[in-house]
Structures are given as C-alpha cells and as structure tokens.
Ligand code: F0G
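Residue numbers (our numbering): 229 to 653.
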C-alpha cells in the first residue's frame, strides 16, 4: 500500500484501505490491524511535537488521545469526535505502594476519563472512524464500560447505538450510563462471550458498525494510555506496565504502542508488560503457562464483572504483546481483588474491582520476585470507583467475616448523645 495508513489482516495478510468499512477481514474474517508508515520526522522531533501540544486547551489536540494523532489516525481531520478524553493523572500513593510492596509504584488512573473508564480513548477513535466511513449506527457487546462509552460517544455524534450486555452481570453504574446516554440496551440471558458472538452476527446482518475491541481503530486510541504515561515520565520508560486483562484489547494495544514507540524512536527501551486476570476468568493466564501453545476457553466467574470473560477475542495479538515485551500473565483471587480495592479506595484514589486486579497483581509478582522491589512500575486503574457501588457497599456493610478494612456505617436515632458516644468510642 502506498498510503500512510492502511489495514492488514492478522490471519491472511490481506491489505485493505484505511477507510474500508469492514470491522473484520472481508476475505477470511480475521482480525484487522491498523498500520502506519513511520512518521518521517523521527523520534526526537515527534516527541517534541507531542510535548508542545500539552499546552493546548481547545480543539482535538487538547485530547490526551488526539495529542498523539500521528500515531493514532493521522488522516482523521474534520471527522474527529472528541469529548475530550485522556489527560489522566499518573499518581503516587504511599499506602498503595506499601500494600503492594512496590515502593516506586505509580497509578495511571484511567477511571478519570469522561465516562469513567479507559474505553473512552478507544471510543473517540472508533466513533470518529464510524463517521469517516458514513456508518448509520454503532453497536457493541460489553461487560458494561464499553457500553457506557459507546452510548455517550454515539450520543455526542448523533448516531443510534445498540448495546448487548449480559443480564445481571453488569455493574449498576455502567448500566445506568448506557440507559442515560440513550443506547438501545439489550439484556442478554447469557455471558459476555455470548453477547459478543451475537453482536458480531447482528452487526453484519443489520449493517451496524461494530465497535468492540475487535475493531482495530479502538486499539489505536487505547495505545495512547501508554504514550501518555511515557510522556508523563519524560519518555523514560518504567520497568513494568501492569494491566488487568479480560478481552485482551488493552494488552494488545499496549504491545502495539510499545512496538511502534521503539520502532519510531520515541523510546529506546521497552517496559515489560504484566497482564493480570481474575482466577475465575483466566484463559489467557493458563495459555501463557503452556507457552501460548494452547488457546483456552473457560466459563468465567469473578466478582470483577468487567473482566468476566472466558474466550478473549484479542488472544493472538495479546500473546504477541506478552512475547515481544518479555512480559508475564498472572492471576489473582477475588479476595485479593477486594483487598487491593480497599487499599486503593482507602487511600482516597478509588477504582472499580477489575482495576484493583492490576494492583493485586503487582503484589503477587513482587512476592514471587518477578517484579523487583526497586523496579519502576506503572499499574493502570482502568475504571472509576462509582462504576460498581454494589460491590463497595456489600464489602463495607455486609461482608462476613468482617474484612479488616471494612468501614461499617452505624445507624442512630436523632440524638446528640449517641453521636458523642460513637465518636468517643
Ligand atoms: N478493566 C475494566 C474496568 C474493563 O471494563 C475492562 C474491559 C478491562 C479492564 C479489560 O480490558 O478487555 O481490553 O482486556 N471491559 C470490556 C467492556 C470488556 O465491555 O467494557 P480488555
């Protein structure tokens, strides 16, 4: 292809144009990947361009996604639809670092995006691409956050949205957002993997543009989590980037960002990736243990509903990301997730259960000596604490035996003496 940006099928190698509307390879149904010709100016100049834009307050370049437009979708031009998103903080927290046993731990808080999760970074690009190709409606299957993000960005774009979510397995905040932003919401009596299969078929039958992370343009946006955190570290890469893993879109996107970052001269060293799954939904972790020889499927069960996925769609490309970064895949139990979450929440930072899996993963990998005690580690908090209020309330108010960090509320009569007694006690 002579264009600066094009799409390649990861399965059969077919090349199609950047504005081809198929969400999968039109020849073999394989997953597509966006390719960019390396920007001509070289790494130093590109870094300088990205850094200069940090002072921009208005327009697309004020977005923490579109600030990196040369590495995302250089020809998006007037089609760009941005909230704006990104520009999330890279936090230090002594109590969280202490809990994880990783003194130099930093937290990249993607829950501070417009709809409360990292999905907005992919969705601004996905909906921009939907506008470029003239899509009449957009759709997704979701464990909740993608649905919330799609619903919002579709509403911003004035496009109808269809979301398919597993009934009774979506956290309250996320379902509320999908409804509030006006998406046609289907509560499917099945799990996420069933929803994705159905959304895939329905989008083809109905001619609706599919915006799951199957869609390669979503991943181009999610790469900017890595670009932005590298920029926040003055382009001096950490030793590790740790991310919770479900459908594996983020793991794949991070691998691509690091590969391009090195090839284009943005960084001279690649951090190791650690993908963390919940024990009850860990097909990628068991595949990792077999050297990725097997592709496993499971029936998922975890209270971290965002990552309750048994048949991750980006398995192949995420495996490549782990291999190429000398990365690892590990698991954490639901109890570990709740404890990590209580540590993050109690430090005043807050995150949803799936995000806490990353922090629990850091603790496990430090204990096992995989992550060194003095290593510089960035854990990605993928979603906001208010996404899943039921889990928080249950943990603090009802869980038995009472967890060490439970903050039990106390009910009283309208009576000052009672307040005094409780405060003194
Ligand atoms: N953390 C949160 C908060 C998520 O919502 C998700 C995925 C992940 C981590 C895992 O990311 O799939 O790229 O490996 N949520 C999707 C959804 C599946 O539908 O909202 P992944």
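We treat Cβ as the ideally placed atom computed from N, Cα and C, and that holds for glycine.
For residue 413, is the beta carbon positioned less than 6 Å from some heavy atom of the ligand F0G? Stepping through the chain shown from its first residue, residue 413 is reached at position 185. No, since every heavy atom of the ligand F0G falls outside the 6 Å radius drawn around the Cβ of residue 413.
Alpha carbon to alpha carbon, how far is residue 567 from residue 623? Give it in angstroms, no decimals. Locating residue 623 in the chain shown gives position 395, where the first residue counts as 1. Locating residue 567 in the chain shown gives position 339, where the first residue counts as 1. If you take the alpha carbons of residue 623 and residue 567, they lie about 10 Å apart.
Can you round the beta-carbon distance between residue 542 and residue 480 to whole angstroms, since I take them to be within the 8 Å contact cut? Here residue 542 refers to the residue found at position 314 of the chain shown. Here residue 480 refers to the residue found at position 252 of the chain shown. About 4 Å separates the two Cβ atoms, so the contact holds.
Alpha-carbon spacing of residue 509 relative to residue 243, whole angstroms: Here residue 509 is taken as the residue at index 281 of the chain shown, counted from 1. Here residue 243 is taken as the residue at index 15 of the chain shown, counted from 1. Going from the Cα of residue 509 to the Cα of residue 243 covers about 34 Å.
Length of the line joining the Cα atoms of residue 300 and residue 466: In the chain shown, counting from the first residue as 1, residue 300 sits at position 72. In the chain shown, counting from the first residue as 1, residue 466 sits at position 238. Each residue's Cα considered, the two are about 22 Å apart.
Nearer than 6 Å: is that true of the beta carbon of residue 599 relative to any heavy atom of the ligand F0G? Here residue 599 refers to the residue found at position 371 of the chain shown. No, since every heavy atom of the ligand F0G falls outside the 6 Å radius drawn around the Cβ of residue 599.
Over the uninterrupted beta strand (DSSP E) stretch that includes residue 654, give me the two end residues. The shown model of the chain, from 229 to 653, leaves out residue 654, and the question about it has no answer.
Which partner residues does residue 663 have in the DSSP bridge list? Nothing about residue 663 can be read from this structure; the chain reaches only from 229 to 653.
With a 10 Å radius around its C-beta and 16 neighbouring C-beta atoms as the bar for buried, classify residue 495 as buried or exposed. On the chain shown, position 267 is the one that residue 495 refers to. By the neighbour-count rule (16 or more Cβ atoms within 10 Å), residue 495 is buried.
Kindly examine the ligand F0G and report whether one of its heavy atoms sits closer than 6 Å to the Cβ of residue 419. Here residue 419 corresponds to residue number 191 of the chain shown, with the count starting at 1. Residue 419: no, Cβ never under 6 Å from the ligand F0G.
Between residue 471 and residue 478, how many whole angstroms is the CB-CB distance? I'm expecting something under 8 Å. Sequence index remark: in the chain shown, residue 471 carries index 243 (1-based). Sequence index remark: in the chain shown, residue 478 carries index 250 (1-based). Yes, residue 471 and residue 478 are in contact; Cβ-Cβ is about 5 Å, under 8 Å.
Under a three-way DSSP split, which group does residue 444 fall into? Taking the chain shown and counting its residues from 1, the one referred to as residue 444 is at position 216. Here residue 444 sits in helix by DSSP.
Residue burial classification, residue 306 (beta-carbon count within 10 angstroms, cutoff 16): Here residue 306 refers to the residue found at position 78 of the chain shown. Exposed, because fewer than 16 other Cβ atoms sit within 10 Å of the Cβ of residue 306.
Residue span of the alpha helix (DSSP H) that contains residue 599, given as start and end: Taking the first residue of the chain shown as 1, we reach residue 599 at position 371. Careful: residue 599 lies outside any alpha helix (DSSP H) and carries neither H nor E.
How many angstroms separate the CA atom of residue 547 from the CA atom of residue 641? On the chain shown, residue 547 is found 319 positions in, with the first residue counted as 1. On the chain shown, residue 641 is found 413 positions in, with the first residue counted as 1. So the alpha carbons of these two residues sit roughly 58 Å apart.
Three Cβ pairs or more, each shorter than 8 Å: is that satisfied between the region 309-328 and the region 237-255? no
Sort 333, 453, 443 and 374 by Cα distance to residue 293 and report the nearest one. Within the chain shown, numbered from 1, the residue matching residue 293 stands at position 65. Ranking 333, 453, 443 and 374 by Cα distance to residue 293 puts 453 first.
Is any heavy atom of the ligand F0G found at a distance shorter than 6 Å from the C-beta of residue 535? Mapped onto the chain shown, residue 535 falls at position 307. Under cutoff, so the answer is yes.
Between the CA atoms of residue 360 and residue 245 - distance to the nearest angstrom: Locating residue 245 in the chain shown gives position 17, counting from the first residue. Locating residue 360 in the chain shown gives position 132, counting from the first residue. Computed Cα separation, rounded: 12 Å.
With a threshold of 6 Å, establish whether the CB of residue 582 neighbours any heavy atom of the ligand F0G. Translated into positions along the chain shown, residue 582 becomes position 354. Checking the Cβ of residue 582 against the ligand F0G gives yes.
Is the CB-CB distance between residue 601 and residue 401 below 7 Å? Here residue 601 corresponds to residue number 373 of the chain shown, with the count starting at 1. Here residue 401 corresponds to residue number 173 of the chain shown, with the count starting at 1. No, Cβ-Cβ distance for residue 601 and residue 401 is not below 7 Å.
Give the DSSP-derived three-state secondary structure of residue 294 in the structure shown. As a working note, residue 294 is residue 66 in the chain shown. Helix, per DSSP.
Check whether residue 586 and residue 565 have beta carbons under 7 Å apart: Within the chain shown, numbered from 1, the residue matching residue 586 stands at position 358. Within the chain shown, numbered from 1, the residue matching residue 565 stands at position 337. Cβ distance not < 7 Å, so residue 586 and residue 565 don't count as in contact.
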